[in-house]
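Contents: one structure, followed by commentary.
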Amino acid sequence: MAGGFAELDPVRHGGAALRGFLNIASEWKLTEAEQTQILGIREPAVFEDLRIRIQAHEPVPIAEMVIIRIGAVLSIYASLGTQLPPDRMPGWLRSPNLALEDHTPLSVMTTGRLEDLDRVARYLLNARS
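With my numbering as the guide, the letters of the sequence shown map in order to residues 6 to 134.
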C-alpha cells in the first residue's frame, strides 16, 4: 500500500467499478456513445463485450485509466447527489452551465479527456463548499 492507497487490481476493482458506472449511466440516461466517450473506450465492440461480461458476472479486467475515469464519474455523481434529487441529474447534465463556458456538463465530460471529467468533478466539489 503506497501513499495510503491500495494498488488497483484491474480484475477485482474493474468489474465493481464498471457495474457502478453502468448503474449511474442508466440513471443519467446516457447513450452508449456517451458512455464510451466518458470511459475513453474507442471501440464500441470492446465496450459491448465488457458490458456483456459484467452482466454475466464474469471477472473482467478493466484498464487502469478506465477505472480512474470511473472514479471521476463517481465523484461527480456523489457531488450531484448532495445538490439534486436523482430525477433532476440528467437535466442538469444536459443544461448549459456558465461555469463551464456555457457548455453542458455532459458535453465537457464526453470530450474523451480525463482533464475534462476532472474539471466537472472539481466544479461540483467547489460548489459544495
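Backbone N, C-alpha and C fix where the C-beta goes; we use that ideal spot for every residue, glycine too.
The alpha carbon of residue 24 has as its nearest neighbour, out of 79, 115, 93, the alpha carbon of 79. Going by DSSP, residue 112 is part of the alpha helix (DSSP H) stretching over 110-114.
For the 8 Å CB-CB criterion, residue 109 and residue 118 do not form a contact. In this structure residue 82 is not in contact with residue 43, their Cβ atoms being roughly 12 Å apart against a cut-off of 8 Å. DSSP places residue 64 in no alpha helix (DSSP H); its state is neither H nor E. Residue 122 sits away from residue 68, with the two beta carbons spaced by 8 Å or more.
Excluding sequence positions up to five before and after residue 129, its CB lies within less than 8 Å of the CB of 80, 81, 84, 85, 88, all in the same chain and listed in chain order. The Cβ atoms of residue 27 and residue 59 sit closer than 8 Å to each other. Non-local C-beta neighbours of residue 96 in its own chain, meaning closer than 7 Å and more than five positions away in sequence, are absent. Per the coordinates, the alpha-carbon of residue 33 lies some 15 Å from the alpha-carbon of residue 125. A straight line joining the alpha-carbon of residue 20 with that of residue 92 spans about 26 Å. Residues of the same chain with a CB within less than 6 Å of the CB of residue 75, apart from the 5 flanking positions on each side, are 22, 26 in chain order. For residue 96, the enclosing alpha helix (DSSP H) starts and ends at 94-98.
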